[in-house]
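Student: Got a structure for you, written out below as structure tokens; questions coming shortly.
Number of protein chains: 2
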Amino acid sequence: MAIVTILGAGRMGTAITWPLRDNGHEVRLVGTHLDAEIIRSCLDARYHPGLRRRIPDGVQPLYLEQLPQALDGADVIVSGVNSLGVHWIGRTLAPLLWPGASILSLTKGVEAGDDGVLRILPDVLAGELPAVLRSQVTVAAVAGPVLAYELSGRRISATVFTGTDEAELRRLRGIFHNDYYRVWLSTDPVGVEVFAALKNAYTIGIGSAWGMLEAAGGPDQINAAMHNTAALLFAASSRELAQTVKIMGGRAEGFIGLQGAGDLYVTCTGGRTFRLGWLMGKGLTHSQAQAEMREDTLEGAFAVLQMARTLPVWEAEGRIGPDDLPMLRAIIRAITTDTPLALPWDDLMGVGKVMV
Amino acid sequence: MAIVTILGAGRMGTAITWPLRDNGHEVRLVGTHLDAEIIRSCLDARYHPGLRRRIPDGVQPLYLEQLPQALDGADVIVSGVNSLGVHWIGRTLAPLLWPGASILSLTKGVEAGDDGVLRILPDVLAGELPAVLRSQVTVAAVAGPVLAYELSGRRISATVFTGTDEAELRRLRGIFHNDYYRVWLSTDPVGVEVFAALKNAYTIGIGSAWGMLEAAGGPDQINAAMHNTAALLFAASSRELAQTVKIMGGRAEGFIGLQGAGDLYVTCTGGRTFRLGWLMGKGLTHSQAQAEMREDTLEGAFAVLQMARTLPVWEAEGRIGPDDLPMLRAIIRAITTDTPLALPWDDLMGVGKVMV
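Protein chains in written order, with the working numbering: chain W, 182 to 537; chain C, 182 to 537.
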């Protein structure tokens with residue numbers, strides 16, 4: 182039995198308590214300063230208002246003020262905050278960590294600094310730790326397509342734990358893996374995180390096929406839709422994702438698996454980012470689409486904004502040419518200038534390249 | 182302007198006349214012995230009963246008896262028959278071909294001979310030609326996700342022409358490519374055809390997630406579905422597809438593009454094979470699912486039956502171990518024994534392998 186302390190009691194941070202408790206571990210669920218009401222509800226009624234489920238028996242809800250005690254003896258510290266909380270959690274944990282501490286981050290993605298340099302979020306988190314501690318603490322990360330609603334419903338799910346310390350990854354897998362939370366490992370955190378982040382951007386482009394169909398009046402008299410168009414966009418996305426991972430020094434062939442194809446596919450079967458793409462395919466600008474959705478689409482746009490800062494740097498460094506990543510550029514342009522999405526069909530599979 | 186003679190006036194053979202006529206070519210559409218009524222309708226009313234569309238102006242419908250004249254001066258001969266017609270079309274064309282003739286086959290897939298040796302359909306077609314002619318005729322093939330209804334509706338579509346003669350592929354692209362029929366090229370016909378064939382088999386497995394959800398009573402009280410499960414199955418399929426292509430001597434990395442990921446994705450957004458998988462995921466056997474669908478699901482099952490003959494040969498040759506391709510094996514087992522699909526969850530991402 183392990184002691185697992187989760188910091189961040191949002192949906193995903195809480196959903197992970199299902200396999201942990203089913204596996205018999207001691208689970209301490211610590212809310213951030215934004216989670217006080219959630220923790221109160223969990224304490225008073227064992228009910229998580231975001232997940233709308235009763236939390237598993239034995240999970241110990243704790244307020245942020247109790248973090249020091251919550252970390253006492255923890256075999257794993259799980260970061261359950263979203264992308265915006267990565268700096269905060271690094272700074273919050275920094276004074277409380279010890280040599281040998283192990284962090285597993287549920288926060289996926291990339292962040293471009295003011296310098297336009299793209300970093301994966303586990304590295305951003307580690308960057309907030311004192312240099313002396315950094316080499317004595319492991320930071321692994323979770324990626325891959327797992328919806329919190331489904332994990333907490335014990336639907337069969339698969340995920341990838343990634344990091345550079347293979348032995349530590351295997352230890353973590355031993356704690357979390359079970360029949361419905363199936364953990365694979367990858368020692369390519371760069372690839373895994375870049376796929377995880379950018380699949381949201383590309384889903385906007387792929388979803389746009391459905392919006393284009395709607396704008397064209399829907400299926401025609403013999404019910405011809407735009408599956409062909411969607412397939413083209415999925416293919417172009419696959420190629421650009423693999424290229425981007427390669428530029429970042431990750432393993433492009435990782436696309437052939439859960440962190441790439443599996444995640445991109447399922448993100449394109451529905452959800453907010455897909456819906457955003459659908460609306461933009463109809464001709465709406467990003468702000469118009471946001472207004473129509475009346476819900477948060479931060480995740481998709483966040484990755485786009487990071488890449489908007491990064492591409493000029495990559496170009497200046499000669500890592501890409503002006504014609505590379507045409508689909509990503511089109512999505513960036515649409516969102517940063519708040520203009521309708523204009524896909525460059527001639528360029529989508531590579532400018533002037535006809536060999537695939 | 183080129184002269185293009187199409188043999189086979191089914192939906193796909195006819196749909197290709199849209200880009201060809203829009204590109205200004207002379208187009209001769211020759212029916213097989215099964216297509217006589219289609220040709221009559223095209224002659225009498227310019228109407229294709231399968232596509233339910235008026236055929237493009239200028240397309241010349243011809244009966245099979247007129248094939249010799251139809252081939253006169255043809256710059257390209259398009260094979261428009263389905264997988265079952267490949268031997269027939271090879272034998273039919275054999276006495277009528279000439280050195281330098283160019284065949285482009287719309288028929289995708291693989292065929293396992295009685296010996297269990299798997300061959301791609303362009304090679305099967307070429308195998309029906311006299312040996313002396315075989316080296317003097319080029320056989321290229323078309324693959325990638327293009328639905329005939331959509332192509333004939335001028336929806337933006339993308340496809341891959343594949344063959345070993347790059348110059349010939351470029352010539353063909355020059356004839357067919359336009360704004361809505363976007364042609365990429367690949368010199369890996371083995372990879373392209375194996376992806377095209379097996380995506381149908383794997384779609385049965387991926388579609389089963391939706392059936393499993395239905396069998397489990399649908400989304401739960403907070404609307405948790407089984408996207409996580411579908412993503413796992415898509416990922417496992419991706420990996421097995423790439424492995425199979427590699428075993429066949431094709432390029433596994435071709436998965437990252439139209440012939441792999443793009444085609445698999447769109448096949449999983451609907452259609453007969455996906456529906457077959459859905460029903461089998463509910464617990465129905467193949468024959469029960471067929472009875473419920475009351476429509477032809479040959480395509481998906483055809484590839485499965487070919488692989489059922491091939492896997493024992495590959496095992497005997499040591500090309501695969503008994504634990505390789507567990508998802509394909511489960512699908513083969515379900516279909517050949519007409520028993521419910523039983524997915525081997527522990528093996529799906531590779532037996533005992535946790536690194537991805």
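All residues carry an ideal CB built from backbone N, CA and C; glycine is no exception.
(1) State the beta-bridge partners of M536 (chain W) as determined by DSSP.
(2) Grab me the residues of N359 (chain W)'s own chain with a C-beta within less than 8 Å of its C-beta, minus the 5 sequence neighbours each way, in chain order.
(3) Unbroken alpha helix (DSSP H) runs of length 4 or more, entirely within the stretch 405-491 of chain C: which are they?
(4) For L529 (chain W) versus T425 (chain W), is the C-beta spacing smaller than 9 Å?
(5) Whole angstroms is fine: what's the gap from R370 (chain W)'s alpha carbon to A382 (chain C)'s?
(6) For chain C, check one thing: does any of its Cβ atoms lie closer than 9 Å to the Cβ of C223 (chain W)?
(7) Taking the CB atoms as reference points, tell me whether I337 (chain C) and A433 (chain W) lie closer together than 9 Å.
(8) Helix, strand or coil: how does DSSP classify T213 (chain W) here?
(9) So the beta strand (DSSP E) R500 (chain C) belongs to, where does it begin and stop?
(10) In the DSSP assignment, the beta strand (DSSP E) including E246 (chain W) goes from what residue to what residue?
(11) Report the rounded CA-to-CA distance for A472 (chain C) versus L465 (chain C), giving the unit in angstroms.
(12) Terminal residues of the continuous alpha helix (DSSP H) containing A329 (chain C)?
(13) Please classify A396 (chain C) as buried or exposed, where buried requires at least 16 neighbouring CB atoms within 10 angstroms.
(14) Would you identify the three-state DSSP class for E309 (chain W), choosing helix, strand or coil?
(15) Determine which residues of the stretch 402-422 of chain W have a Cβ less than 9 Å from any Cβ of chain C, and write them out in chain order.
(16) Between which two residues does the beta strand (DSSP E) harbouring I236 (chain W) extend?
(17) Determine the direct distance from the alpha carbon of R490 (chain W) to that of I270 (chain C), and round the result to whole angstroms.
(18) Determine the extent of the beta strand (DSSP E) in which T319 (chain C) is found, giving its start and end residues.
(19) List, in chain order, every chain C residue whose beta-carbon is nearer than 7 Å to that of V371 (chain W).
(20) Identify whether Y361 (chain C) lies in helix, strand or coil by the three-state DSSP scheme.
(21) When we look at the beta-carbon of Q487 (chain C) and count the other beta-carbons within 10 Å, is it buried (16 or more) or exposed?
(22) Quick check on A124 (chain C): does DSSP put it in helix, strand or coil?
(23) Short of 9 Å Cβ to Cβ, which residues in the stretch 426-447 of chain C face chain W?
(24) Compare the C-beta of L201 (chain W) against all C-beta atoms of chain C and say whether one is closer than 9 Å.
(25) Among C:L277, C:P276, C:G325 and C:R300, which has the Cα closest to the Cα of L287 (chain C)?
(26) For S418 (chain C) and V305 (chain C), what's the separation of their Cα atoms in angstroms?
(27) For A268 (chain C), which three-state DSSP category applies?
(28) Using a cut-off of 7 Å between C-beta atoms, extract the partners of E552 (chain C) located in chain W.
(29) Shorter than 9 Å from the beta carbon of W459 (chain W) to some beta carbon of chain C?
(30) In the DSSP output, what is V208 (chain W) paired with across the bridge?
(31) Rounded to the nearest angstrom, what separates S222 (chain C) and V327 (chain C) at their Cα positions?
(32) Using the beta-carbon of each residue, which ones in chain C are nearer than 8 Å to I571 (chain W)?
(33) By the DSSP assignment, the beta strand (DSSP E) with T300 (chain C) in it spans what residues?
(34) Taking 9 Å as the threshold (C-beta atoms), are F357 (chain C) and F376 (chain C) in contact?
(35) Drop a sphere of 10 angstroms on the beta-carbon of I301 (chain C), count the other beta-carbons inside from all chains shown, and report buried for 16 or more, exposed for fewer.
(36) If we call anything under 9 Å between Cβ atoms a contact, is I385 (chain W) one with I512 (chain W)?
Tutor: Let me lay it out:
(1) C:L366
(2) Within the same chain, and ignoring the five residues on either side of N359 (chain W) in sequence, the residues whose Cβ sits closer than 8 Å to its Cβ are P200, D203 and N204.
(3) 408-428, 444-448, 453-462 and 467-474
(4) no
(5) It is Pro, not Arg, that sits at residue 370 (chain W) in the sequence shown. Cα-Cα distance, rounded: 32 Å.
(6) C223 (chain W) does not count as touching chain C.
(7) In this structure, A433 (chain W) does not lie closer than 9 Å to I337 (chain C) by Cβ.
(8) Shown here, T213 (chain W) sits in coil according to DSSP, grouped into three states, outside any helix or strand.
(9) Per DSSP, R500 (chain C) belongs to no beta strand (DSSP E) and is neither H nor E.
(10) E246 (chain W) -> no beta strand (DSSP E), and no H or E assigned at all.
(11) Computed Cα separation, rounded: 10 Å.
(12) A329 (chain C): member of the alpha helix (DSSP H) spanning A329 to L332, first to last residue.
(13) exposed
(14) coil
(15) Q402, I403, N404, A405, A406, M407, H408, N409, T410, A411, A412, L413, L414, F415, A416, A417, S418, S419, R420 and L422
(16) Where I236 (chain W) is concerned, there is no enclosing beta strand (DSSP E), given that its DSSP letter is neither H nor E.
(17) 56 Å
(18) T319 to A324
(19) Correct list: empty, because the minimum Cβ distance to chain C is about 15 Å.
(20) coil
(21) So Q487 (chain C) counts as buried.
(22) One cannot answer for residue 124 (chain C) here, as it falls past the ends of chain C, which runs 182 to 537.
(23) In summary, the residues of the stretch 426-447 of chain C whose CB is separated from some CB of chain W by less than 9 Å are A433, E434, G435, F436, I437, G438, L439, Q440, G441, A442, G443, D444, L445, Y446 and V447, in the order they occur in the chain.
(24) no
(25) C:G325
(26) 26 Å
(27) Residue identity differs from the one stated: residue 268 (chain C) is His in this sequence, not Ala. It is helical.
(28) With chain C covering 182 to 537 only, the question about residue 552 (chain C) has no answer from this structure.
(29) no
(30) W:V185
(31) 24 Å
(32) Outside the modelled stretch of chain W, which goes from 182 to 537, sits residue 571 (chain W), for which no answer is possible.
(33) Before going further, note that residue 300 (chain C) is Arg rather than Thr in the sequence given. For R300 (chain C), the enclosing beta strand (DSSP E) covers residues L299 to I301.
(34) no
(35) Label assigned to I301 (chain C): buried.
(36) yes
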